[in-house]
DNA sequence: GCCAACGTTGGC
DNA sequence: GCCAACGTTGGC
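Dropping the structure here:
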């Protein structure tokens, strides 16, 4: 799951312990959010930063939450085409697990994984939420503590 | 700041 | 339904 650290970083999550992952406004990303279950692990990716990369680990504590910012006309995430009767955007609540001692940079990710294994290394990739195969996730957790 | 990638919008 | 224009993402 991607976030720009100047907007919301792993340090912010560490301080707050948990957060509702608001503001995803892309249908494919939303569908991946909808597919999440309580207890699922998720990597926290810092995008638009230098260097970009995986900054830590978190866990889904509440699946399938309606993203209330879609109804808030003052929010940058407001969606006038959505309605409370039929909300368009759902998300999850996540809890902090750890900030990696050292960020796993995008450069390293590109060296270690193919575009098929880890979508974030795909050129032109703009999805903000994407699945990570279990074997890749396992290796990433090992790399984080190597 | 540039620009490739790509999703969305809206005219037709 | 097509597709050009436009806006956003995000690496570099």
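Numbering (this note's numbering), first residue to last: 353 to 498.
All C-beta atoms in this analysis are idealised placements derived from N, C-alpha and C, irrespective of residue type, glycine included.
Note that this is a predicted model, so its numbers are computed, not measured.
Do you know how far the Cα of residue j is from the Cα of residue i?
i           : j           : result
residue 378 : residue 479 : 8 angstroms
residue 393 : residue 409 : 7 angstroms
residue 383 : residue 370 : 21 angstroms
residue 397 : residue 472 : 9 angstroms
residue 486 : residue 461 : 15 angstroms
residue 465 : residue 388 : 23 angstroms
residue 421 : residue 435 : 11 angstroms
residue 367 : residue 354 : 18 angstroms
residue 395 : residue 427 : 26 angstroms
residue 448 : residue 407 : 12 angstroms
residue 440 : residue 431 : 9 angstroms
residue 481 : residue 437 : 25 angstroms
residue 477 : residue 380 : 12 angstroms
In the DSSP assignment, the beta strand (DSSP E) including residue i goes from what residue to what residue?
i           : result
residue 411 : 405-418
residue 384 : Careful: residue 384 lies outside any beta strand (DSSP E), inside the alpha helix (DSSP H) at 379-386.
Going by DSSP, what residues sit across from residue i in a beta bridge?
i           : result
residue 393 : 411
residue 497 : DSSP lists no partner for residue 497.
residue 372 : 445
I'd like the span of the alpha helix (DSSP H) that includes residue i, first residue to last.
i           : result
residue 366 : 362-368
residue 461 : 458-464
Between residue i and residue j, is the Cβ-Cβ spacing less than 8 angstroms?
i           : j           : result
residue 404 : residue 458 : yes
residue 413 : residue 390 : yes
residue 363 : residue 451 : yes
residue 469 : residue 446 : no
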